[in-house]
Structures are given as structure tokens and as C-alpha cells.
Amino acid sequence: MTKLSCNCGFTVENADRYKVEAAMWHHAIHDHADMLKTMTVDMLEEWLKNKDKQLASA
Ligand SMILES: [Zn+2]
Numbered sequence: 000m001t002k003l004s005c006n007c008g009f010t011v012e013n014a015d016r017y018k019v020e021a022a023m024w025h026h027a028i029h030d031h032a033d034m035l036k037t038m039t040v041d042m043l044e045e046w047l048k049n050k051d052k053q054l055a056s057a
């Protein structure tokens with residue numbers, strides 16, 4: 000089971016890692032749109048790396 004959790008407490012769990020990633024993006028776009036818009040490319044890169052680490056350790 001693959002699992003990702005957001006800093007706000009939102010958690011998504013599924014056997015398919017792409018469904019998990021898609022659900023996390025959907026959540027982030029809807030609930031953290033303002034934050035995403037202020038993020039630089041470098042910040043997004045770090046964010047993606049952290050998500051990959053979470054996915055790899057699951
Ligand atoms: Zn969140």
C-alpha cells in the first residue's frame with residue numbers, strides 16, 4: 000500500500016502509486032492553490048523529492 004500525507008494532515012492511501020500522487024496533487028491544487036503559486040521551481044523540486052522519499056519508504 001502506498002501512502003502520502005500532506006503537512007495539513009490530509010492522507011491518501013492506495014495500492015497504485017499514481018493514484019496516490021494524483022490524489023495528492025488534486026488535494027494540493029484545491030486546498031493549497033495559493034501556496035503552490037508562491038512556490039519557486041526549486042521549492043517544487045524539493046517538494047517532489049520529499050514525496051518520492053515517502054513513496055520509496057512505503
Ligand atoms: Zn494539505
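In this text, residue positions in the sequence shown follow numbering that gives the first Met the number 0: the first is 0, and each later residue adds one. The C-beta atom is built at its ideal place from N, Cα and C for all residues, glycine as well. This structure is a prediction, so every number in the text was calculated from the model and none was measured.
Out of the options, which has the shortest C-alpha to C-alpha gap to residue i?
{"i": "Met34", "options": "Met0, Thr1, Asn6", "result": "Asn6"}
{"i": "Phe9", "options": "Arg16, His25, Met0", "result": "His25"}
{"i": "Ala22", "options": "Lys52, Met42, Thr1, Glu45", "result": "Thr1"}
Using the beta-carbon count (16 or more within 10 Å), is residue i buried or exposed?
{"i": "Val19", "result": "buried"}
{"i": "Leu3", "result": "buried"}
Report the partner residues of residue i according to the DSSP bridge assignment.
{"i": "Lys2", "result": "Glu12"}
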